[in-house]
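Going by my numbering, the letters in the sequence shown line up with residues 1 to 391, in that order.
Report on one structure; see the data block that follows.
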Amino acid sequence: MSRSRKRYIVATIFLTSAFWLSIEVALLCYTNRLTNDDNQIISEGKSKVEGRRSWSLNETNTKLVTIEEFKSMYPNTIHFVSKQGENGAKVYNSPSEKETEQEQFRLYQFNELASSKISLLREIPDNRPKSCFNVMYPMSTLPTASVIVIFHNEAWSTLLRTVHTVLARSPPKFLLEIILVDDFSDKEKYSHLGEKLSSYVDELEKVHLLRTPKREGLIRARLFGAKKARGEVLVFLDSHCETNYGWLEPLLARIAADRTIVVAPDIEVIDLKTFGYAKGQGGDNRGIFNWELTFKWRGLPDYEKQRRKSDADPIRSPTMAGGLFAIDKSYFYELGAYDTAMSYWGGENVEISFRVSVDSCLFYNDTIMTEPSGKLPLNSGMEIILIKSKL
């Protein structure tokens with residue numbers, strides 16, 4: 001082996017080791033901060049109002065209300081007749097419907113026939129700890145939200161159930177709009193997503209339907225919707241969700257207290273075969289990643305359990321699930337938004353997590369150059385990105 005070849009291999013090993021070491025140092029710093037900075041985050045002030053936890057915002061006339069008090073402000077939406085699946089019950093098809101069920105399953109990868117038997121606004125159980133209902137939120141300081149839902153060849157029932165639960169269970173003062181982005185669905189095969197959907201959405205206040213001129217993939221479709229959003233906060237949801245009442249206020253309150261916090265809700269389970277609604281199994285978890293940069297769920301470490309004084313306290317997480325989260329719109333773009341070179345889903349959650357928690361440096365041969373804007377660069381053909389902790 002030539003000497004130059006050996007030098008190349010040694011340099012490659014060194015740079016690779018330096019890259020992963022820098023990430024490990026960043027995570028170590030992050031962990032230490034989680035342990036020591038409890039009193040530094042505004043959103044976790046311990047002031048008491050009538051024995052309840054409240055937000056120590058620097059506002060003298062902030063009105064504090066509970067989730068139950070917010071509920072009285074929810075709009076009276078379209079009334080739907082109760083059908084099967086109420087209170088999150090499972091729905092089973094008859095043996096004579098087996099062939100139709102299988103055909104629909106091949107189209108949507110879930111039991112759409114069962115879903116179609118459920119109201120677009122069914123009652124679902126509330127599995128939150130009781131302490132969540134004692135938290136008081138600053139009504140006068142919450143930002144407005146644009147809820148962005150991307151879909152491609154989605155079923156009618158699941159898409160519209162997402163829309164109607166958000167409309168019915170969000171305070172109208174803060175829900176500015178719902179933006180549906182059709183990522184070039186096949187209108188011939190899924191005809192309900194054509195004129196039928198356009199006409200339906202036209203009758204819904206605050207709901208806008210955008211259509212991409214070509215297939216963009218999840219990431220670019222989200223950016224397509226975010227560009228049109230007028231809310232102060234972007235809330236990304238999957239196209240087959242059901243929200244419970246009081247789902248939005250805690251997300252907005254965290255961001256109102258610190259605009260650099262990215263918030264993800266507790267995610268429960270809808271069974272893809274029966275559409276039964278259930279609490280997630282395994283207790284409290286947080287997001288992690290392995291060295292293949294794959295997102296995984298993991299139980300809380302001891303220091304995080306000790307930090308939380310109540311089941312209503314948020315869980316701090318190094319990474320997050322990418323399907324459902326809220327972020328300040330300006331901060332989203334300050335971070336550099338999504339990398340437009342990502343054509344498929346599956347890496348955006350780790351990417352956003354890294355953008356939130358690290359500074360960026362670019363490695364040009366032997367010289368480290370920091371981006372002057374302070375933003376993480378998009379996929380621009382640079383040789384090596386070296387992660388440097390800012391914590």
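All C-beta atoms in this analysis are idealised placements derived from N, C-alpha and C, irrespective of residue type, glycine included.
Spatial neighbours of residue i within its chain, please: CB distance less than 8 Å, with the 5 preceding and 5 following residues excluded, ordered by chain position.
i, result
"Gln109", "Leu272"
Output yes or no for whether 8 Å exceeds the beta carbon distance between residue i and residue j.
i, j, result
"Leu204", "Val166", "no"
"Phe325", "Val233", "no"
"Phe295", "Ser239", "no"
"Leu237", "Val350", "no"
"Lys71", "Gly246", "yes"
"Arg220", "Asp182", "no"
"Gly299", "Thr319", "no"
"Leu193", "Lys187", "yes"
"Gly322", "Ile352", "yes"
"Tyr74", "Pro171", "yes"
"Leu121", "Glu249", "no"
I'd like the span of the alpha helix (DSSP H) that includes residue i, first residue to last.
i, result
"Lys227", "218-228"
"Asn349", "348-357"
"Leu300", "Unbroken run through Leu300: none, as it is neither H nor E."
"Ile67", "67-71"
Taking the alpha-carbon positions, what's the residue i to residue j distance?
i, j, result
"Ile13", "Gly347", "25 Å"
"Lys63", "Pro125", "29 Å"
"Phe174", "Asn127", "24 Å"
"Pro265", "Ser140", "22 Å"
"Val65", "Ser191", "44 Å"
"Val235", "Ala145", "7 Å"
"Glu101", "Gly85", "17 Å"
"Phe105", "Glu99", "10 Å"
"Trp156", "Gln306", "44 Å"
"Glu50", "Glu304", "Reliability fails at Glu50, whose pLDDT of 36 lies under 50, so the model's placement of it is uncertain and no value is given."
"Cys361", "Gly276", "Its pLDDT being 38, under 50, Cys361 is placed unreliably by the model, and nothing is read from it."
"Lys189", "Ala312", "45 Å"
"Asp284", "Glu268", "11 Å"
"Thr274", "Ala89", "8 Å"
"Gly79", "Ser119", "Going by the sequence as given, residue 79 is His instead of Gly. Those two C-alpha atoms are separated by around 10 Å."
"Arg7", "Ser357", "34 Å"
"Ile315", "Pro301", "11 Å"
Apply the 10 Å Cβ neighbour rule to residue i and answer buried if 16 or more other Cβ atoms are within range, or exposed otherwise.
i, result
"Gly280", "exposed"
"Val207", "buried"
"Ala341", "exposed"
"Arg215", "exposed"
"Val91", "buried"
"Lys329", "buried"
"Arg169", "buried"
"Leu218", "buried"
How far does the beta strand (DSSP E) with residue i in it reach, from first residue to last?
i, result
"Phe236", "233-237"
"Ile255", "That residue, Ile255, is in no beta strand (DSSP E); its alpha helix (DSSP H) goes 248-257."
"Glu177", "175-182"
"Ala145", "145-151"
"His208", "207-211"
Which residues in the same chain have their Cβ closer than 7 Å to the Cβ of residue i, if we skip the five residues on either side of it in sequence?
i, result
"Tyr331", "Arg259, Thr260"
"Glu68", "Phe133"
"Ser82", "Ser119"
"Asn244", "Ile124, Asp126, Arg169"
"Ser317", "Arg286, Gly287"
Report all residues from its chain with a CB closer than 6 Å to the CB of residue i; omit the five preceding and five following residues, and keep chain order.
i, result
"Ser94", "none"
"Gly231", "Thr144, Ala145, Ser146, Leu176"
"Thr158", "Ser115, His240"
"Leu293", "Val350"
"Ile327", "Leu234, Val262"
"Gly270", "Per the sequence shown, residue 270 should be read as Ile rather than Gly. Tyr277."
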